[in-house]
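Working notes, beginning with the structure itself.
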Amino acid sequence: MKQIVEIFTGVRHMLIGFPFDFVVSLPGQRRFQKGRDAIRKFTDSIVDELTKNFDPHHVNNYVDAYLQHKNELEKKGKPSSFMFPLLFSLILEARLKANALNLFFEGTESTGSTTTSLLIELSKHPDVQKKIQEELDTVVGRERLPSWIDRPNLPYLDATIQELYRVAALFLVTTMYSNFSK
Numbered sequence: 032m033k034q035i036v037e038i039f040t041g042v043r044h045m046l047i048g049f050p051f052d053f054v055v056s057l058p059g060q061r062r063f064q065k066g067r068d069a070i071r072k073f074t075d076s077i078v079d080e081l082t083k084n085f086d087p088h089h090v091n092n093y094v095d096a097y098l099q100h101k102n103e104l105e106k107k108g109k110p111s112s113f114m115f116p117l118l119f120s121l122i123l124e125a126r127l128k129a130n131a132l133n134l135f136f137e138g139t140e141s142t143g144s145t146t147t148s149l150l151i152e153l154s155k156h157p158d159v160q161k162k163i164q165e166e167l168d169t170v171v172g173r174e175r176l177p178s179w180i181d182r183p184n185l186p187y188l189d190a191t192i193q194e195l196y197r198v199a200a201l202f203l204v205t206t207m208y209s210n211f212s213k
């Protein structure tokens, strides 16, 4: 994952959706293409697995919602009742995989930046770190990693994260879009 983030951090990640592959003179282009292909394969495998296990009665994620909407369109006779239902199905599958890839890329940069800013801000408050560790040890223990299910039982950690979002994440956004020359 670290290698994937390194490949796509910076300007080059903007070329992911670029429709032409003739731009080969950029430094690191082969490395970039290899990383792009690895991520495509990774996201495609997740979409394929979620599609295979789709249950219309338990919509839990984006792929489920997309497939449910597709099924609703098909039940209404739109647009798969056209002349080329197989082509329509392939286009929807390609669009779903492209959307999953976009969600992955959009989240990679912002998640990395936000996490970095949160850790920098948290490093300034060792007392808060200690309270968080105590809460984690009490609720989760040291035998496993915390999960989303633990969140309701970690109010101090949750409040700290919300406060760090307020303080640190806003700083990142405002400095990224600021004009320092004025």
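Under the numbering used here, residues 32 to 213 are what the sequence shown spells out, in order. Yeah, the Cβ is synthetic: ideal placement off N, Cα and C, and Gly gets one too.
Contact between the stretch 66 to 77 and the stretch 125 to 145 (3+ Cβ pairs under 8 Å): Cβ pair count under 8 Å is three or more, so yes.
Ser15 to Thr146 span [Cα, whole Å]: Residue 15 falls outside the range modelled here, since the chain spans only 32 to 213, and no answer is possible.
Alpha-carbon spacing of Asn130 relative to Val94, whole angstroms: Computed Cα separation, rounded: 9 Å.
Of the listed residues Ala190, Asp189 and Lys128, nearest to Glu80 (C-alpha basis): Here the closest residue by C-alpha is Lys128.
Helix, strand or coil at Arg62 [DSSP, three-state]: When DSSP states are grouped into helix, strand and coil, Arg62 belongs to the helix group.
Within the stretch 80 to 104, ranges of the alpha helix (DSSP H) (whole runs, at least 4 residues): Whole alpha helix (DSSP H) segments, 4+ residues: zero.
Spatially closest choice to Lys155 from Lys83, Arg61, Leu195 and Gly66, by CA coordinates: Each of Lys83, Arg61, Leu195 and Gly66 was checked against the Cα of Lys155, and the nearest Cα belongs to Leu195.
Cα-Cα separation, Asn84 to Leu98: Approximately 11 Å, taken between the alpha carbons.
Contact under 7 Å by Cβ, Leu188 with Glu166: Their beta carbons are under 7 Å apart, which means Leu188 touches Glu166 by this criterion.
For Arg175, the three-state DSSP class (helix, strand or coil): Arg175 carries a coil assignment under DSSP once its states are collapsed to helix, strand and coil.
Residue nearest to Thr82 in terms of C-alpha spacing, selected from Lys101, Ile70, Ala69 and Gly66: Per the Cα distances, Lys101.
7 Å Cβ cutoff met for Thr191 and Val170: For Thr191 and Val170, no; Cβs fall outside 7 Å.
Collapsed DSSP secondary structure at Leu185 in the structure displayed: Annotated three-state conformation of Leu185 is coil, per DSSP.
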